[in-house]
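Asks: In the numbering used here, the protein residues as written are 528 to 666.
Every residue, glycine too, gets a C-beta built ideally from N, C-alpha and C.
One structure coming up, written as structure tokens, with questions to follow.
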């Protein structure tokens, strides 16, 4: 199964979802993430939130949908957007599109503790959504 997680910056939500799904689904599935306006980095708080549950996403990188392999896009099964307050990217594909509303955990006005809580809450929410998705779509 080919799964793509999409958000705007591809620095937090979609990166955490990619890491979680790879851990939960295993290597037999092709799971990637991208953004419509990639930030160029994985947010440090996303790395920390994933470290807290034993998943290392340091080797992942922020990328555009244009950077994805054509074969992956042509054979995409699911495109899952994770935006809330901003305009989500749209991917021209025959993949089934799903939308899981998640607020951006990166907030410049947050203090360090609030930022950690925000990223942990987003990670935990994504975990629940991916687990439910697995139960419904993987036999």
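1. Between the beta-carbon of residue 589 and the beta-carbon of residue 538, is there less than 8 Å?
2. Which whole runs of the beta strand (DSSP E) in the stretch 563-639 are 3 residues long or more, in chain order?
3. Check whether the stretch 654-662 touches the stretch 595-604, counting contact only when three or more Cβ pairs, one atom from each stretch, lie closer than 8 Å.
4. Could you name the residues that DSSP lists as bridge partners for residue 532?
5. Could you give the DSSP three-state label for residue 554: helix, strand or coil?
Replies: Short version:
1. In contact: residue 589 and residue 538 (Cβ atoms closer than 8 Å).
2. As far as the stretch 563-639 is concerned, its whole beta strand (DSSP E) runs of at least 3 residues are 605-608 and 623-626.
3. Short answer: they don't touch.
4. Paired residues: 560 and 607.
5. Under the three-state reduction of DSSP, residue 554 is assigned to coil, being neither helix nor strand.
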